[in-house]
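Residue numbers (UniProt numbering): 1 to 282. Okay, so here's the structure we're looking at.
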């Protein structure tokens, strides 16, 4: 009886172990296991990879609502019982959605460019408005005058008066002369251009001195600039080098100083009578 029990024990403890098929399948499944990634995270990864490929395009994150809708669509597809519940929503969500992520990226880029262009136009309009305001109102005013709100509506009173036929010259005639000599003007009530030094009522000694220097007739900047300055008007004159701009302000300074000397003689240390700022050295 004891021998039979010993043989039974040997069969029990020393017999080969039978592997369970379920254990084998579990081991294989552990090796081949792929972690589940939600649709929300997959979409975010795909958009990130597209951004790297396309460069710095107009990239924006997908709204949370759209990603949540993608998760819901995948849950329905993964459910065996829900396979029959697919509807027309598949056209807008999931892998069967109409349009690719690449198309979406280009659409986002297009919208970003439209917004950028709109902001640029708005900025240009604001800058143009500022420049227009400065050019019209503050170009010939100092900081103190602007701070006090000083407005100049009348020219400086001078004793210079052009000939009668120049004063009575029509605006059409003045425009014709400006067109002939290519003179461009801006402003209100611009003085008429004068084509000869003799018509500017200069002293004979000054005209003779100009002739000795070979200056017999005024240049376009002098035709329009000298009458404006002699009339007491503020002026900004723009002309090419060698066109005679210096004479436009130097001759009036000399004439105004001579006129003051005749009315009330100057005393010692009185002045200055004129100020010339030269930013360049010739």
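Glycine is no exception: its CB is placed at the ideal position from the N, C-alpha and C atoms.
In the same chain as residue 153, and ignoring 5 residues on each side of it, no C-beta atom comes closer than 6 Å to its own.
When the alpha-carbon of residue 272 is set against those of 205, 254, 262, the nearest one is in 254. Under the three-state reduction of DSSP output, residue 151 falls in the coil class, being neither helix nor strand. When DSSP states are grouped into helix, strand and coil, residue 238 belongs to the coil group. Cβ atoms of residue 185 and residue 231 stay farther apart than 8 Å, at about 13 Å. A distance below 7 Å between beta-carbons, with the five flanking residues on each side excluded, links residue 222 to the following residues of its chain, in chain order: 244, 247, 248.
Taking C-beta separations shorter than 8 Å and ignoring five residues to either side along the sequence, residue 176 has no partners in its chain. One thing to note: residue 193 has its Cβ no nearer than 8 Å to the Cβ of residue 182.
Between residue 155 and residue 233, the C-beta spacing is below 8 Å. Judged by DSSP in its simplified three-state form, residue 52 adopts helix.
In terms of CA proximity to residue 203, 252 leads the group 252, 241, 228. A direct Cα-Cα distance of roughly 36 Å separates residue 143 from residue 197. When C-alpha distances from residue 105 are compared across 47, 256, 218, the shortest belongs to 47.
Separation of the CB atoms of residue 228 and residue 191 is rounded to 5 Å, and the pair is thereby assigned contact status at 8 Å.
Note on geometry: alpha-carbon atoms of residue 42 and residue 113 lie some 27 Å from one another.
Counting every other CB atom within 10 Å of its CB across the protein chains shown gives residue 258 a total below 16, marking it as exposed. If only uninterrupted alpha helix (DSSP H) runs of at least 4 residues are considered, those enclosed by the region 190-225 are 204-212. Taking 8 Å as the cut-off, the beta carbon of residue 226 is found closer than this to the beta carbon of residue 218. In this structure, 160 is the residue among 123, 160, 52 with its C-alpha nearest to the C-alpha of residue 199.
At a Cβ-Cβ threshold of 8 Å, residue 101 and residue 50 count as neighbours. Annotation for residue 163: 199, 201 place their beta carbon closer than 8 Å to its own, counting only its chain and skipping 5 residues before and after. Cα atoms of residue 119 and residue 38: separation of roughly 38 Å, rounded to the nearest angstrom.
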